[in-house]
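Data first, discussion second: the structure below is written as structure tokens.
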Amino acid sequence: MPTAPQTTDELFQALSENDRRPYGRTRTVTAEELVDAAEQFGEPEPLAYALLELQEAYTYGAEPRKSPVVFARLLNLFDEQPDVFDERLRHMLFWRFKWVANALRALPEVPLASLRQWQTEMRDRYMKAGLDLQPYYGQAYQLAAHVGEDTALAYELWAGRSRSRLSDCEACEICERALHHLAAGDDERALRTWEPVLAGKDSCQEEPARSISYALLPLLRTGGVDTARELHLAGYRACRRNPSMAGEVGRHLEFCALTGNEARGLELLSENRNLFDEVDSPQGQFDFLTGVEVLLRRVELLGHGDLPAAGYAGRTWTVATLRAEVGGRADDLAARFDARNGTAAHTERRGARLDRAPLLDALELTLRTRSLDEVGPAAAPVAAPAGRRTVAVAEALPELILQARALDEQGHPDAQACWARLHTLVTARDYTHPDDPAVGPLVQLRADLLADEAGRAGEKDEFADAAALYEEAAGLYEDAGAPGRAALARGGALLAAAGIPAEDGDAADAKAAALSAAHASMVRLHEETPGLTPYQEARLLRLRATVLGLRLQASRSEEHIAPVFAEVDLLHDFATRHDVVPQISGARLLRASTHALSGELPTAVTEIDSLIDDLKAHGPAWHLPRTLGLRGRFQLGLRDAQAAHADLAEAVRLAADWPADAVDTARLHGDLAEACMHLGRPDEALRYLTRSAELDLRRGSRTDAFCTYSNAAQLSLDLGRVEDCIALLDSVLVEPDVAAGERDDRLVAQLRLTRARALNAGDDLKAATAELVALAAESAGWDDDPGSHVMIAGETAVLLGKSGEFDRAREAAGQALAAHARAPRYEQLSNCLRELARLQAQQQGPEGLAEALAHLADAGRIADEARAAEYEAHSRSLDTALAYEHGRVYAYAGEYEDSLAALEKTFALLGEPGPDQDHAEEWAECVRLAGAVEGLYLKRPAPALTRLDAAVSRLTGLGHTEATEPLTSLAARLRDEK
1173 MPTAPQTTDE LFQALSENDR RPYGRTRTVT AEELVDAAEQ FGEPEPLAYA LLELQEAYTY
1233 GAEPRKSPVV FARLLNLFDE QPDVFDERLR HMLFWRFKWV ANALRALPEV PLASLRQWQT
1293 EMRDRYMKAG LDLQPYYGQA YQLAAHVGED TALAYELWAG RSRSRLSDCE ACEICERALH
1353 HLAAGDDERA LRTWEPVLAG KDSCQEEPAR SISYALLPLL RTGGVDTARE LHLAGYRACR
1413 RNPSMAGEVG RHLEFCALTG NEARGLELLS ENRNLFDEVD SPQGQFDFLT GVEVLLRRVE
1473 LLGHGDLPAA GYAGRTWTVA TLRAEVGGRA DDLAARFDAR NGTAAHTERR GARLDRAPLL
1533 DALELTLRTR SLDEVGPAAA PVAAPAGRRT VAVAEALPEL ILQARALDEQ GHPDAQACWA
1593 RLHTLVTARD YTHPDDPAVG PLVQLRADLL ADEAGRAGEK DEFADAAALY EEAAGLYEDA
1653 GAPGRAALAR GGALLAAAGI PAEDGDAADA KAAALSAAHA SMVRLHEETP GLTPYQEARL
1713 LRLRATVLGL RLQASRSEEH IAPVFAEVDL LHDFATRHDV VPQISGARLL RASTHALSGE
1773 LPTAVTEIDS LIDDLKAHGP AWHLPRTLGL RGRFQLGLRD AQAAHADLAE AVRLAADWPA
1833 DAVDTARLHG DLAEACMHLG RPDEALRYLT RSAELDLRRG SRTDAFCTYS NAAQLSLDLG
1893 RVEDCIALLD SVLVEPDVAA GERDDRLVAQ LRLTRARALN AGDDLKAATA ELVALAAESA
1953 GWDDDPGSHV MIAGETAVLL GKSGEFDRAR EAAGQALAAH ARAPRYEQLS NCLRELARLQ
2013 AQQQGPEGLA EALAHLADAG RIADEARAAE YEAHSRSLDT ALAYEHGRVY AYAGEYEDSL
2073 AALEKTFALL GEPGPDQDHA EEWAECVRLA GAVEGLYLKR PAPALTRLDA AVSRLTGLGH
2133 TEATEPLTSL AARLRDEK
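Residue numbers (our numbering): 1173 to 2150.
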């Protein structure tokens, strides 16, 4: 707290501000400081409120040991000065007897006799105050259930009584009743009881998150799989990283473990690492650690005990070591609770959770479904999918080296596995190179490995690294007396260097020039290198053709077409003459691509049809996935999405037989997603998009992966799959390089912006606003991109307005206006200003009118600028939208004549409706609002009905019957009220 409050008014203001903070250490420390400040005033009422805030911070900050101490001070204050406690303070005091009972129950060091003594104190205090005892009986039941006693009588004494003002909220009581049925083994009755809470009809601070965590497994057992999935996503988000809901997090981890989502469980465990150290409640620790152990035991049982796991701070953990640690701690907690309670209830409940068998082999919980094989260190190779053919890597070192080179000459994908194995062997400290003339010297092998590494860097668009590695490899090849291989490495370096983006000037022209220079150098290299083998010469010709193909792709210049075909013909003739099979199909693929780049898609398809037939008949088989994928892209260009989908789906199927990098499986999935979108199958597209992103991520193309994830998140949001969108982005944003700020800040900002929009769509206004406020602060420093700041600051202003924080909203809108002056965003900013005006008038009525009109005045200036710049809005015109918003704002403020005048202006700008559906609906909405203002608020039903009836007739005649429904409904209401 920067400055201690100097007056009681400042104290109450500080208490109000602290109440808006999330529970956690910051809020708790501030609450402690505010109690110290309150004591300085010597007034009991401010002190009472400060103590209440501190007790709440302790209660929801998972510090149950401190809550009773604070409450004892409150109770003493009440006993000494009861007149200080007005009805509100008195209600809060008696409500919190239950908080103390819950806190004491969570502490195994508190004797059972003390728990019962506190319940007696609660009962006596309630009776003395003339309060109903239903809350007392509720606490008696919860103690019986906690201890493991027979709860039948305690349940009836509580549940059979009517609720009172001090009863737990409806949602909490529903949860307790449902848990009673669950303990009795009646899943279906428990779920029926939970229904209002799970449906969102009843909620509170802890609900429905608490109920959801308990309901997940019963839902699975009764067949409610889809519901369980949806509730897991929403419920987990409500409790993650929250120390007071550590038990709920533990049950979500258990749910992951029992549904084949062990990898997601480890991800969530990492996200909640803070709970190992921040949960001071032994009961919370017990529930959390048991859920953690269920997950870790399952992962270890599946053979992944050596995977890294997030655990207690101060050391590195594996699944196995963390499982042993949490198991010991949870066993100790169970023993302490049982010793206090005189039963074995905690040990038995813990054993039942640990002994549960998986309820489902696999449940797709999120869009980013991964296996345990895919969550290890990034450098670890991904295990081959089930059913995929695998290469038999030679065991003996000389044979392995020769095998790698032979496969590499063929362009065979399995060369990757051989090079990977050799890299491991050669980098070992005890490596001894074989003395075998067929293998060659160690320097040649080191050159081979560098060339392989360079190729992988190039595939990830790391062109500078690739060029440097190729050059280093070329030097080693020369040292080894292998000039042909050195020439190939230098050719690779030339191609990679040409791919390095230019720092200034026209990017396309610069790239074309660099590729032209690279081609000239390759030709000289080819001519000056004697003794090339047919394989090496074909590879150099392929590089020459490729570099010219890339030049055409960059320039799209007609003069660059013929040179590509000439090089392709040279390659094809040479490869055919010397039977270099991989380069024959490579040349034909380049020829088809060149036809496509030249705008001759039908010819390209004809060319590639023939190639596919030959590949199916004669191979190489690993060329088929890429070739089918290319034909699929040609079909998309020809607007034949069905044919494209068929080719791409077959390509994806065949690609499963080969290493993903070798056949560009990520690209195939991305293209298949595009085909699905053209066919109107967005949910299918979403699956392929996320798989494409994951494949890119695993091969190290992380920027491409995060771009694809961003597209997938936006698509899921567009589809209304809000929780899927949030869960996907939450998972991506905790990737180590993203969390550490090592990725492109604009790309990460886009991910966060989409997440904020999804949170808003999911009615989590507080979280959405916090995210956008942070983004607006960051984007304010983007001097090279003020346009993005316009958008972000504008959206921030709107969410602040929705939250009722209009001063901050005006400040954000001012930032957006300032950035707009540097990079105009007419429509986006106008939309935000109009919405902010509507919100202020709607929430504040006449008091907010002046400020709302000021926002509309700003929007008016934006419309004037847009008109002067001859800007055309993508939807309705800015002037029309502005006039309509004036009508709404005046109506909210009770200025109905001004509202009607503004709407009449809107009609003049809109004009009469015609065949366009969107225009007709906009016109109809304007009629509806004018009719409501005139008929309901100005009490002039006759002209309002005339307006409405004429509009219904007009719209019906144009065939816009749906647009008439709100109008006929309003007309009926006006007639009923006449």
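For each residue, glycine too, the CB sits at the ideal point set by N, CA and C.
Is it buried or exposed for residue i, if we count other Cβ within 10 angstroms and need 16 for buried?
i     : result
T1292 : exposed
V1906 : exposed
E1779 : buried
G1852 : exposed
L1336 : Position check: residue 1336 holds Ser in this sequence, whereas Leu was assumed. By the 10 Å Cβ count, S1336 comes out exposed.
L1473 : exposed
T1596 : exposed
K1270 : buried
H2046 : exposed
T1122 : No statement about residue 1122 is possible, as the shown extent of the chain runs from 1173 to 2150 and does not include it.
M1299 : exposed
R1728 : exposed
K1683 : buried
E1127 : Lying before the first or after the last residue shown, residue 1127 is absent from the chain, which here runs from 1173 to 2150.
A1636 : exposed
N1248 : exposed
Y2151 : Nothing can be reported for residue 2151: it is not among the residues displayed for the chain, which extend from 1173 to 2150.
A1429 : buried
G2131 : exposed
P1177 : buried
R1242 : Looking at the sequence shown, residue 1242 is not Arg but Val. Counting Cβ neighbours within 10 Å, V1242 comes out buried, since at least 16 surround it.
E2134 : exposed
Residue i bridges to which residues according to DSSP?
i     : result
T1490 : P1480
Could you work out which residue in the options is closest to residue i when comparing CA atoms only?
i     : options                    : result
T2118 : L2139, R1297, T1519, L1617 : L2139
G1422 : L1391, S1383, L1467, E1378 : L1467
A1324 : H1352, Q1588, H2132        : H1352
A1942 : A1952, A1534, R1924, W1954 : R1924
L1844 : L1820, E1866, L1867, R1825 : L1820
L1223 : E1204, F2079, N1414        : E1204
E1643 : T1394, D1620, E1631        : D1620
R1711 : E1731, A1759, D1608        : A1759
R2145 : E2134, L1773, G2103        : G2103
A1877 : A1690, G1842, S1888        : G1842
T1179 : A1838, F2079, L1219, G1463 : L1219
A1410 : E1321, R1382, D1478        : R1382
L1532 : A2135, A1984, G1432        : G1432
L2127 : P2087, C1590, L1887        : P2087
A1568 : L2101, V1207, D1527, L1594 : L1594
E1439 : L1724, R1412, D1449        : R1412
V1464 : H1424, P1480, T1488, W1489 : H1424
T1394 : F1184, M1849, D1359        : D1359
N1414 : L1392, T1493, L1441, L1403 : L1441
The ligand MG heavy atoms versus the CB of residue i: any closer than 7 Å?
i     : result
L1425 : The model depicted lacks the ligand MG and carries no ligand whatsoever.
Within 8 Å, do at least three Cβ pairs link the segment 1452-1471 to the segment 1264-1282? Yes, since at least three Cβ pairs between the segment 1264-1282 and the segment 1452-1471 fall closer than 8 Å, the two stretches touch.
Return the chain-ordered ranges of every alpha helix (DSSP H) run that is complete within the segment 1653-1738 and spans a minimum of 4 residues. 1655-1670, 1679-1700, 1706-1727
For the segment 1206-1270, which segments carrying the alpha helix (DSSP H) assignment without a break, of at least 4 residues, lie completely within its bounds, in sequence order? Correct list: 1216-1232, 1239-1252, 1259-1267.
Hey, is the segment 2069-2076 in contact with the segment 2013-2029, meaning 3+ C-beta pairs nearer than 8 Å? Three or more beta-carbon pairs separated by less than 8 Å are not found between the segment 2069-2076 and the segment 2013-2029, which leaves the two stretches without contact.
Would the segment 2055-2071 and the segment 2034-2045 be scored as touching if the rule is three or more Cβ pairs under 8 Å? no
Say whether the segment 1370-1388 touches the segment 1400-1414, bearing in mind that this needs 3 or more beta-carbon pairs closer than 8 Å, one atom from each stretch. yes
Enumerate, from N- to C-terminal direction, the unbroken alpha helix (DSSP H) stretches of 4 or more residues contained entirely within the segment 1795-1839. 1796-1809, 1813-1827, 1832-1835
Note down, one range per segment and in chain order, each alpha helix (DSSP H) of at least 4 residues found wholly within the segment 2030-2095. For secondary structure counted as the alpha helix (DSSP H) over 4 or more consecutive residues, the segment 2030-2095 holds these complete runs in sequence order: 2050-2064, 2068-2082.
What are the complete alpha helix (DSSP H) segments, minimum 4 residues, inside the segment 1557-1635? Whole alpha helix (DSSP H) segments, 4+ residues: 1569-1582, 1587-1598, 1614-1631.
Jot down the residue ranges of each uninterrupted alpha helix (DSSP H) in the segment 1267-1332, minimum 4 residues, whole runs only, in chain order. 1269-1277, 1284-1300, 1306-1319, 1324-1331
Do the segment 2120-2134 and the segment 2087-2096 meet, that is, are 3 or more Cβ pairs less than 8 Å apart? yes
Can at least three beta-carbon pairs, one atom from the segment 1736-1750 and one from the segment 1712-1723, be found at a separation below 8 Å? yes
In chain order, each alpha helix (DSSP H) run of at least 4 residues that lies wholly inside the segment 1856-1937: 1874-1890, 1894-1905, 1908-1911, 1917-1933
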